[in-house]
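A.B. asks: Chains S and P supply the protein sequences, listed in that same order.
Counting in the working numbering, the first sequence runs from 5 upward without gaps.
Counting in the working numbering, the second sequence runs from 24 upward without gaps.
Where is the CB? At the ideal position from N, CA and C, for every residue including glycine.
Below you will find the structure I want to go over with you.
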Amino acid sequence: MEVVNGHKKWGFQGNPELIASSISVRGVLTKLMANRNKDDKRPTIPLGRADPTEFPSYRTTPVAPDAVADATYSYNFNCYPPTVGIVEARRAVAEYLSKDFPYQLSPDDVYLTGGCTQAIEIVVSVLARPNANILFPRPGYPQYEARASCSKLEARHFDLIPEKGWEVDLDSVEALADENTVAMVIINPSNPCGNVFTYQHLKEIAETASKLGIFVISDEVYGHLAFGSNPFVPMGVFGSTVPVLTLGSISKRWIVPGWRLGWIVTSDPNGIFHQSGFVECMRNFLDITTDPPTNMQGALTQILKHTKEDFYSKILTIIREAADILYDRIQEIPCLTCPHKPEGSMVAMLKLNLSLLEGIIDDVDFCMKLAKEESVIVLPGVTVGLKNCLRITFAVEHSALEDGLGRIKAFYHRHAKKE
Amino acid sequence: MEENGEKRWNFWGMGKLNPQSKTSVRGLLMKIWGSVNKDDPRPLLPLGHGDPSPFPCFRTTPVAEDAVVDSLRSAKFNSYPPTSGLQPARSAIADYLSRDLPYTLSPDDVFLTIGCIQAIEITLRALARPGANILLPRPCFPFYDSYASSINLEVRYFDLNPEKGWEVDIESVEALTDENTVAMVIINPGNPCGSVYTHRHLKEIAETARKLGILVVTDEVYHHLTFGPNPFVPMGVFGSIVPVITLGSISKRWLVPGWRLGWLVISDPNGILRKSGIVECITDCLNMTSDPPTFIQGAVPQILEKTGEDFFSKTIDILREVAHICYEKIQEIPCITCPNKPEGSMFVMAKLNLSLLEDINDDTDFCLKLAKEESVVVLPGVAVGMKNWLRITFAVEPSVLEDGFGRMKAFYERHAKKQ
């Protein structure tokens, strides 16, 4: 070790592997926000992140904060929680999800996590073994890739077909899977595409996965946020065909993403997760990770049981109207097309036609310039695995959406290729 | 993929392959709780883990609860938090910690985490470049080892000297360090030892680390919880001698471990950690992990600024009292000795003299039988790296402590070797 000024040169430096695996929605949005013009007096229109909490129309139900306040003042929830979560909360989640299942979930099937974010962290970390691989959708949600890269779990990507409502290309799944493939991930309702899979299609996915000997991780963070013709069907319905790991949270349906409370649920009536040792692995991992706050867990029963139907319908109506506005306005912007009208979640994928634009190299360039010139934030598709596409959030105040799309149209006109 | 008529799943046999099933405090405690005799009508006395929040004398201050509920009801804190934490929370923590430092921390030096546990996770991940090793004290808080092992970060142990107030054995630190050593960890006030290091000793540690070219990670989750002759001195005081990463939380000082609000702070006025890329790694890690709930972050300024001195003194007074009871009672039980009266944190290490006992094989056996016969739970020292020692919590209601030691004495007498 070299000696400098009487002491050894510092032996530490950043872990280079971490820096490499760092694409995240937050990271990209931070860069876009930094690129805005400081002299633009107009409000920034945030169409990059699915977080409508700043908009008055998207206020959560009073049941939720009341439940947390009650839990906090009760003194019963200041202690460390058990690693799997407190039993009342687990029971509440089991009952809530079982309403839509053909079988009954047990509280022991439920593991509470710090949002769906931590659910993903846990599941991907637990699956990481030498030589294993996992199948992710493309386009998808980049945290999966970041996590897999960090845990040295090989990620392979199957396609979603825009012309078929962003359905899973099952042929590409079969081509990718081999004896080291452990699982496949689906996100339904879809982030980033905004589609909702049909019962029939989910059944096909279940049968394919079963044939390949892999289980399905169903990311249902947008569960029940389906406002089009396809109703939301939880993948766990097919739990006897293929073992399903259901991921979810209160973040989206209750519009409280900042509360960071989610779950992992083993939807597996045949008990295969137990027999294979997966549950034991997951419990061991949970022993060494942090947990969601006990007072949040304490409030969960009240939140899940007492939220009224009219709150759910109100939110769905606002989101449906916003999706309509988005789809209609996009038709007026020649360089953008929406392959499939959004019918669920809070986001949609748009295709960018660069040949109609002058001086815009790709989707990242489009988004950076849009941020700078119009103070509108949209996520470049490369972040979610599809270059020269955009992921746009429609779950904002309708007036903000109209304003934002108006500015995107102006941006298009400014950069349109002259005939 | 059928074998002998049974379905073959690619993810079979996970339990055997997974290296993460190491002993954790929680895991071992679960085993000990499991051996408690369910027919014993006496209450279970939990002297094994550091969570006094269920006891009325250790209730948190209403300032903290009010702050959380105010924050919740304001509806301003339902959105995703920024990666490093809400700016007002970071500022408040920077101010709070700077009160005890010879320089001022910037809010940019502060990163919010889900309890001190997540601060440890992020730190270890950021330091874990391929081939690196870190130095841990023995005995230690076992989470460091479990987590390091799960990310393939090599750990080496230096000794703490029970004859010298559990001070760091500087020679053993020097002997272990090589060109791949990146950091050494100290826990002050000590878990599990209950020690509080002097200014002189912390300076010695700083100078040694500097000479060796490694940084110091200081786990100050028990900051300010000192009730003996040595005052609490934060390691950050020596931040200009050696770069320091300070880990802490509100869990212990405010008696709310279930709220999961902690911090990772760069105490490094010379900016060495930033130049090394470690700060960037920390941010990258935080970008893809979950966060403490936004509304709890929102409550931090009020909690840190408005909590009265009288709440802090009251807690210290009770801890002093119970630490004293603990130390006195240990003296009355021949088979356990306490080399150092605890002066901080919530734990003490006591040595077990097996030669005075009949038919007790080791510390784990002692604890399992104690739980079974007397419904008292204590942690076997093997969990913290010292076989045939015990880690005892004194942060419980005084009557519980008296009762617990009474039963331990009875247990000793029942198992004492006949003369």
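According to DSSP, Pro69/P sits in a beta bridge with which residue or residues?
C.D. replies: Answer by DSSP bridge pairing, in chain order: Val400/P.
A.B. asks: Candidates Ala375/S, Leu304/S and Leu405/S: which alpha carbon is nearest Val331/S's?
C.D. replies: Per the sequence shown, the amino acid found at residue 331/S is Tyr instead of Val. Comparing Cα positions, the closest option is Leu405/S.
A.B. asks: Kindly list, in the order they appear in chain P, the residues whose Cβ is closer than 7 angstroms to that of Pro297/S.
C.D. replies: Ordered by position in chain P, the residues that pass the 7 angstroms Cβ test against Pro297/S are Gly281, Trp282, Arg283, Pro316 and Ile319.
A.B. asks: Determine the chain S residues that contact Gln141/P at a beta-carbon separation under 7 angstroms, and present them in chain order.
C.D. replies: Neighbours of Gln141/P on chain S, chain order: Thr294.
A.B. asks: Are the beta-carbon atoms belonging to Met350/S and Ile323/S less than 8 angstroms from one another?
C.D. replies: Yes; because the gap between Cβ atoms is below 8 angstroms, this pair is in contact.
A.B. asks: Between the C-alpha atoms of Met431/P and Glu397/P, what's the straight-line distance to the nearest angstrom?
C.D. replies: Taking the straight line joining both Cα atoms gives about 7 angstroms.
A.B. asks: Please list the partners that Asn101/P has in chain S, where partner means a Cβ-to-Cβ separation under 8 angstroms.
C.D. replies: Simply Thr57, Thr64, Ile259, Val260, Pro261, Gly262 and Trp263.
A.B. asks: From the beta carbon of Glu303/P, is the nearest beta carbon of chain S less than 8 angstroms away?
C.D. replies: It does; some Cβ of chain S falls within 8 angstroms.
A.B. asks: So Ile209/P packs on Gly15/S, CB below 8 angstroms; how close in whole Å?
C.D. replies: Their Cβ separation, rounded to whole angstroms, is 17 angstroms, which puts Ile209/P and Gly15/S out of contact at 8 angstroms.
A.B. asks: Listed in chain order, which residues of the stretch 80 to 93 of chain S have Cβ atoms closer than 7 angstroms to some Cβ of chain P?
C.D. replies: Correct list: Phe81, Asn82, Cys83, Tyr84, Pro85 and Thr87.
A.B. asks: Output, in chain order, the set of chain P residues within a Cβ distance shorter than 7 angstroms of Lys207/S.
C.D. replies: Chain P residues near Lys207/S: none, gap ~18 angstroms exceeds 7 angstroms.
A.B. asks: I'd like to know whether the C-beta of Ser44/P is nearer than 8 angstroms to at least one C-beta of chain S.
C.D. replies: Its pLDDT being 45, under 50, Ser44/P is placed unreliably in this model, and the value from its coordinates should be taken loosely. Closer than 8 angstroms to some Cβ of chain S, the Cβ of Ser44/P qualifies, so yes.
A.B. asks: Counting only beta-carbon separations shorter than 8 angstroms, does Thr179/S have a partner in chain P?
C.D. replies: Checking the displayed sequence, the identity of residue 179/S turns out to be Ala instead of Thr. Closer than 8 angstroms: no.
A.B. asks: What's the call for Ser155/S, buried or exposed, on a 16-neighbour Cβ count within 10 Å?
C.D. replies: Buried, because 16 or more other Cβ atoms sit within 10 Å of the Cβ of Ser155/S.
A.B. asks: Quick one: using the 10 Å Cβ neighbour count with 16 as the cut-off for buried, is Gln354/P buried or exposed?
C.D. replies: It is exposed - the Cβ of Gln354/P has fewer than 16 other Cβ atoms within 10 Å.
A.B. asks: Using C-beta distances below 8 angstroms, list every residue in its chain close to Asp132/P, excluding the 5 sequence neighbours before and after it, in chain order.
C.D. replies: So the list reads Ala117, Val288, Ile289, Ser290 and Asp291, once near-sequence residues are dropped.
A.B. asks: Any beta carbon of chain P sitting closer than 8 angstroms to that of Asn39/S?
C.D. replies: No, Asn39/S does not count as interfacial toward chain P.
A.B. asks: Against chain P, with Cβ distances strictly below 8 angstroms, would Gln306/S count as a contact?
C.D. replies: It does not: the Cβ of Gln306/S has no partner Cβ on chain P nearer than 8 angstroms.
A.B. asks: Within this structure, are the beta carbons of Ile231/P and Glu186/P separated by less than 8 angstroms?
C.D. replies: Correcting the residue identity first, residue 231/P is Thr in this sequence and not Ile. No.
A.B. asks: CB-CB under 6 angstroms to Asn214/P, same chain, minus the five flanking residues each way: which ones, in chain order?
C.D. replies: If we look at Asn214/P and ignore the five residues flanking it on each side, its Cβ neighbours are Phe164, Ser368 and Phe370.
A.B. asks: Name, in chain order, the residues that DSSP records as bridge partners for Tyr180/P.
C.D. replies: Tyr180/P pairs with Leu159/P.
A.B. asks: To the nearest angstrom, how far is the alpha carbon of Gly198/S from that of Asp223/S?
C.D. replies: Roughly 13 angstroms between the two C-alpha positions.
A.B. asks: Does the beta carbon of Arg30/S come closer than 8 angstroms to any beta carbon on chain P?
C.D. replies: For Arg30/S, the answer is yes, since a Cβ of chain P falls inside 8 angstroms of its Cβ.
A.B. asks: Measure the Cβ-Cβ separation of Ala71/S and Gln301/S and say whether it is below 8 angstroms.
C.D. replies: Cβ atoms of Ala71/S and Gln301/S: not closer than 8 angstroms.
A.B. asks: Within the same chain, show all residues whose beta-carbon is closer than 6 angstroms to that of Ser44/P, passing over the 5 residues directly before and after it, in chain order.
C.D. replies: At Ser44/P the pLDDT is 45, less than 50, meaning the model places this residue with poor confidence; the figure from the coordinates comes in the next sentence. Counting only Cβ-Cβ distances below 6 angstroms, and skipping sequence neighbours, we find nothing.
A.B. asks: Within 8 angstroms (strictly less), CB to CB, does Glu88/P reach chain S?
C.D. replies: Yes, because at least one Cβ of chain S sits closer than 8 angstroms to the Cβ of Glu88/P.
A.B. asks: What are the boundary residues of the beta strand (DSSP E) that Val220/S is part of?
C.D. replies: First-last of the beta strand (DSSP E) with Val220/S: Phe219 to Asp223.
A.B. asks: Measure from the C-beta of Lys312/S to each C-beta in chain P and report whether the shortest distance is under 8 angstroms.
C.D. replies: No, no contact with chain P.
A.B. asks: Classify Arg411/S as helix, strand or coil using the three-state DSSP reduction.
C.D. replies: Note: Arg411/S maps to helix in three-state DSSP.
A.B. asks: At the 8 angstroms Cβ level, is Met5/S part of the contact set with chain P, yes or no?
C.D. replies: The predicted model places Met5/S with a pLDDT of 43, which falls under 50 and marks its position as unreliable; any figure quoted below should be read in that light. Yes - at least one Cβ of chain P is within 8 angstroms of the one on Met5/S.
A.B. asks: Mind checking whether Gly389/S and Pro143/S have CB atoms under 8 angstroms apart?
C.D. replies: Their beta carbons are under 8 angstroms apart, which means Gly389/S touches Pro143/S by this criterion.
A.B. asks: At which residues does the beta strand (DSSP E) containing Tyr115/S begin and terminate?
C.D. replies: Counting along the chain, the beta strand (DSSP E) containing Tyr115/S begins and ends at Val114 to Thr117.
A.B. asks: Which term fits His310/S, buried or exposed, when burial requires 16 or more other beta carbons within 10 angstroms of its beta carbon?
C.D. replies: Exposed: under 16 other Cβ atoms inside 10 Å.
A.B. asks: Here's a check: name, in chain order, each residue in its chain whose Cβ is nearer than 6 angstroms to the Cβ of Leu304/S, leaving out the five neighbours to either side.
C.D. replies: Excluding residues within five positions, the ones whose Cβ falls inside 6 angstroms are Ala93 and Ala96.
A.B. asks: From Gly31/S to Gly281/S, what does the alpha carbon distance come to, in whole angstroms?
C.D. replies: If I take the Cα positions, the gap works out to 35 angstroms.
A.B. asks: Hey, is Thr185/S's beta-carbon within less than 8 angstroms of any beta-carbon in chain P?
C.D. replies: Taking Cβ atoms only, chain P reaches closer than 8 angstroms to Thr185/S, which makes this a yes.
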